[in-house]
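Below is one structure; the comments refer to it alone.
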Amino acid sequence: MKKLVLLLLLVCTCATLSWAQSGKRITVTGSVIDGDDKSPVGQATVQLLSLPDSTMVVGNVTNNNGVFSIAARPGKYVLKISFVGYLTQEKSLQLTAGKPSVNIGTVTLPTDAIMLGEAVIVAEAPQVTISEDTIGYNASAYRTPEGAMLEELVKKLPGAEIDEDGNIKMNGKEIKKLMVDGKEFFGGDVKTGLKNLPVDMVEKLKTYDKKSDLARITGIDDGEEETVLDLTVKKGMNQGWFGNVDVGAGTEDRYTGRAMINRFYDKTQVSIIGSANNVNDQGFSGGGPRWRRNNGLNATKMLGANFATETEKLELGGSMRYNYRDADVVTVGSSQRFLQSGDSYSNSNKANSNKETGFKADFRMEWRPDSMTNIIFRPNVSYDKTRGASVAESGTFNEDPYQYVVNPNDYLNFDNIGSDDPLRDTRINATNEHNLSKSNSLSANATLQLNRKLNNEGRNITFRGSFGYGDDDSDQYAQSETRYYQIKNYLGGDSIEHRNQYITMPTKNYNYTAQFTYSEPIARATFLQFSYRFQYKNSKSDKSTYDLGYPWDINDGLPENYETAYVDSLSKDAEYKYFNHDISLGLRFIREKYQLSAGMSLQPQNTKLSYKKGDYMTDTTRTVFNFAPNLDFRYRFSKVSQLRITYRGRSSQPSMENLLPIVDNSNPLNIRVGNPGLKPSFAHTMRLFYNTYNAEKQRGIMTHVNFTATQNSISNSTVYDENTGGTTSTPQNINGNWNAFGLFGFNSALKNKKFTINSFSRVSYRNQVAFLYNKETLHDDKNTTTGLTLAENLNGSYRNDWFEFSLNGSIEYTAERSKLRPEKNQNPYTFSYGASTNVTLPWQMTLSTNITNQSRRGYDDASLNNNELIWNAQIAQSLLKGAATVSFEMYDILKQQSNISRSLTADVRSVTEYNSINSYCMVHFIYRLNIFGSKAARDKMMNSHRGFGGPGFGLGPGRHGRRPF
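In the numbering used here, the protein residues as written are 1 to 965.
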């Protein structure tokens, strides 16, 4: 009986072991490279097919370094690796339980010359790919007209937002740096890259969160993570010379010109760029309607050089650039200040002329003398010179002036205010002023970081030091006349105040920082991290104000002996000394599926201020203690699916000057009073990111949620003077400010991959608390304003080898609510819809056009409820076998685009209209220089210019682009 039992146990054990062995997954790893230049191929599709039916068992995509990893049970398989534009590679595999991991080495993908010769691959390239926290975009999937710069391509990307100042947000996160093949381009300056890099050179774009030098090397989270946009240069272009020259002239005295020359070889990049234009680098939104405005008339010039190189142990990079900007901005504005009972109204006309000249240079070195040591050095220097002139007219009213005249802004200049003034009974004040200013600013900074690994288990030590110096000098001439209509002089007429002043304010500052970090492995893939940082800042400013008397004119220059008119009560001397200690302790866990970092930063601070203003003199010291907790959790469901949750608390102190019990009346219509009782504010910020991608269906989903709440936030308590129309503001702590933001992005190709659709949904809610002055009680009441915004962008497109057509639409609805002034509630919404097309004709000619209708509704101001039908078009002819292009472009053909911006806070609503030239025509000539390093590379780039089945026609992957509209 015992023998039978033992026999049964043995059989069961063998069966169990056999089942366990057969159920165990074997890991298959490898890398994929380009057959021509041996560079990594990212986002290639990797599949294991079972035999004999060739059904897919498991799939994945390569990461940005071309590396892949998949797992399957023992058995016979075919490994299939494919990517658009390459020949598919297959390899037979037999996985056995005795070998838990298999490395197949490097797989080379040969170029598919036939596919490269057909523009149809543009339709098959996936628009969006996702790998872990990196979102990639294939440039060939977004067709842009001839000569386009990078900005025009970025506008088309799902989830991209570009504001009026040219700042980019991708999926709700602001892009802080721009990279080319992983290297900083002009110090990472985003606007320089957007305006000067041609789409022709870009193969892919990807966005990801780039850690700071300290976090990347040590793993210690310092909160300095940046979202970057990284471009991959087309295959072949990284082994030769390439560039372009683009010149254009148009109606309305418009002109533009830019030139770029690049030398890329191995791991070295050299670029020289130059540009000059007076068209605000205007573009129309090919990716969908957006309310982007051109504020003012701007003429810019730029010249710069950039280089980056890399060896096994050393990385070097740097740039220098000269910038010039001449801006003429004319604004017409109106605003409404909310009071508890009744409101005040203001109107203004302003004309500003500013000339800015700047020079910047930066350098970066990363040296790895051995496998255990890393040294990074980053110096930079900049110099800026600004000259400005402005003329302004403004007026304040106790009733809505639009009840009495059609345009109150016509009655702000004193020359237009006569005895029959229709606004006389409602006027509070009126000011006419003229200002001249000039400033010079010099700054220099340097950072040195030394890291040493003490073993291969994660123990390392780091020293980081930095130094900064700044020297600013500014002069201002002010000539103004203010008339007070509610205050009479001793003769019974309106009170008049003249301010003729010369103000000079030199400022010098310097700072230095020393930081020490240590990381200790305390368990498997678990690290204890310690950091100590000391920071010192010194800033000294000397503001001197001189009264030049009346009837001095601003064009007369400084009078003799003006120094004797020094105004002690309007001048000040201040010197700040700031000492900060930052002690941080954290834990970091790294597991196969997740990473977790959590820590706390303690920050004792000491600030000393020496201050003199008029008869007030003080030497004061403030000691505070801040703390800042942080949490970063990442969970990886797969290579293409990830969840990330972060939390960061941050304490901030009010400025020392806000804490002083002094009155700043340098502007009698905007008086500021300090508050010694201010408390520090503390902000809680939580973010959630989730993304996933299906390579087979070319379908991507991304979600971003952000929540911020601030305790003891600093707001202004504003007392409104009914007699002068001026305000007296005092900073006060207030609670209740918070906001939430969420977005959902969806992108997918349809069944035959020629149709694509993407959706981008946003929701945001803000709860803003501010003080509202009560004229009856002469005290502030707390007012809460809320805003709920719902927005949706939807875009669908069809493309083949010669034709692309897109339909796009968007709607944004906002519910604005005011607790104390519900009669001011609004439900404004904007909606847009339009179409764009890009047609390749069989005579080396392309036609591009789009038309968009933009509409506003729901505003109390009827003038804002309008429609704008914006139509742009371009026709381009290719010459010299594709090396040159001549194009004719028309902007805002129907002349309906306006330039109006609107803002709303808890106490003020304002509308501003800017001058601009939106409607004009322009002729362009573009010449491309392409000299690549090998015959294979040259053939590859020439083949990419084919379309309609023959060479030289159409838009292939090497020729999408045109100058941005």
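A virtual CB, placed ideally from N, CA and C, is assigned to each residue, including glycine.
| said: Below 8 Å on the Cβ atoms is my contact criterion, and I expect K210 with V190 to pass it. Report the Cβ-Cβ distance as a whole number of Å. | reply: So it is not a contact: roughly 13 Å between Cβ atoms.
| If you check the beta carbons only, do W241 and L314 fall under 8 Å apart? | no
| field | Proximity of F530 and T517 at Cβ, strictly below 8 Å | value | With contacts defined as CB atoms closer than 8 Å, F530 and T517 qualify as a contacting pair.
| field | Delimiting residues of the alpha helix (DSSP H) encompassing E90 | value | Unbroken run through E90 is the beta strand (DSSP E), Q89 to L95; no alpha helix (DSSP H).
| request: Please report the residue range of the beta strand (DSSP E) in which A873 lies. | output: N867 to L879
| request: Run the CB neighbour count on M372, radius 10 Å, all protein chains shown included, and call it buried at 16 or more, exposed below. | output: exposed
| task | Report yes if the C-beta distance between L788 and A815 is below 8 Å; otherwise report no. | result | yes
| said: Please return the same chain residues whose Cβ sits closer than 8 Å to the Cβ of S22, not counting the five positions on each side in sequence. | reply: Here the model assigns S22 a pLDDT of 43, short of 50, so the residue's position is not dependable, and the following value carries that caveat. R73, P74 and A97.
| task | Could you have a look at A966 and say whether DSSP puts it in helix, strand or coil? | result | As displayed, the chain neither begins before 1 nor continues past 965, which places residue 966 out of reach and without an answer.
| query | Per DSSP, what kind of secondary structure is I461 in: helix, strand or coil? | reply | strand
| Span of the beta strand (DSSP E) holding R856? | Element bounds for R856: M845 to R857.
| Hey, would you say V968 sits closer than 8 Å to G296, going by beta carbons? | Lying before the first or after the last residue shown, residue 968 is absent from the chain, which here runs from 1 to 965.
| query | If you scan the segment 199–252 from start to end, which runs of the alpha helix (DSSP H) of 4 or more residues do you find wholly inside it? | reply | 213–218
| task | Could you say if the segment 178–198 and the segment 709–721 meet the contact criterion of at least three C-beta pairs nearer than 8 Å? | result | no
| Start-to-end residues for the beta strand (DSSP E) that takes in G834 | Y829 to L841
| query | Quick one: what's got a C-beta closer than 7 Å to Y773's C-beta in the same chain, skipping five residues either side? | reply | Sequence-distant Cβ neighbours of Y773 in its own chain, meaning closer than 7 Å and more than five residues away, are L339, Q340, T718, V719, Y720 and D780.
| request: Below 6 Å CB to CB, which residues in the same chain sit around I175 once its five sequence neighbours on both sides are set aside? | output: I168, V190, T227 and L229
| task | Please list the segments of the beta strand (DSSP E) lying wholly inside the segment 509–546, counting only runs of 3 or more residues, in order along the chain. | result | none
| query | My guess is that F746 and S759 are in contact by the Cβ rule of under 8 Å, so how many angstroms apart are they, rounded? | reply | 5 Å
| message | Quick check on this structure: which residue in R672, D253 and Y829 has the alpha carbon closest to the alpha carbon of R857? | response | That would be Y829, whose Cα lies nearest to the Cα of R857.
| message | With H, G and I counted as helix, E and B as strand and the rest as coil, what does DSSP make of R254? | response | R254 carries a coil assignment under DSSP once its states are collapsed to helix, strand and coil.
| task | Specify, as a first and last residue, the run of the beta strand (DSSP E) that G700 falls within. | result | R699 to Q711
| request: Using the Cα positions of Y562 and Q501, report the straight-line distance between them to the nearest angstrom. | output: 10 Å
| request: Please specify which runs of the beta strand (DSSP E), each continuous and at least 3 residues long, are wholly inside the segment 410–457, giving them in chain order. | output: Unbroken beta strand (DSSP E) stretches of 3 residues or longer found wholly inside the segment 410–457: 427–453, given in chain order.
| query | Are G59 and V41 close, meaning C-beta to C-beta below 8 Å? | reply | no
| said: At the level of alpha carbons, what is the spacing between R25 and A598? | reply: Approximately 33 Å between the Cα atoms of the pair.
| task | Going by DSSP, name the residue or residues bridged to L631. | result | A598 and Y647
| field | Per DSSP, the bridge partner or partners of R588 | value | When beta bridges are read from the DSSP output, R588 appears opposite F527 and S597.
| query | Based on Cα-Cα distance, which residue from F831, R766 and Q336 lies nearest to E792? | reply | F831
| field | Proximity winner among R258, A276, T564 and F363, relative to G188 (alpha-carbon distances) | value | F363
| query | For D246 and chain C, any beta-carbon pair shorter than 8 Å? | reply | Considering every chain present, this structure includes no chain C. It has just one protein chain.
| said: Could you tell me the alpha carbon to alpha carbon distance between T905 and L669, rounded to whole angstroms? | reply: 20 Å
| request: Note down, in chain order, each residue of its chain lying with its Cβ closer than 7 Å to the Cβ of K183, except the 5 sequence neighbours on either side. | output: Q269, A308 and G317
| task | Count the other CB atoms, across all protein chains shown, that sit within 10 Å of the CB of S101; report buried if there are 16 or more and exposed otherwise. | result | exposed
| query | Where does S571 sit, in a helix, a strand or coil, going by DSSP? | reply | In this structure, S571 counts as coil in the three-state DSSP scheme.
| said: Suppose you measure from the CA of E225 to the CA of T207; what does that come to, to the nearest Å? | reply: Spanning the alpha carbons of E225 and T207 requires a straight line of approximately 13 Å.
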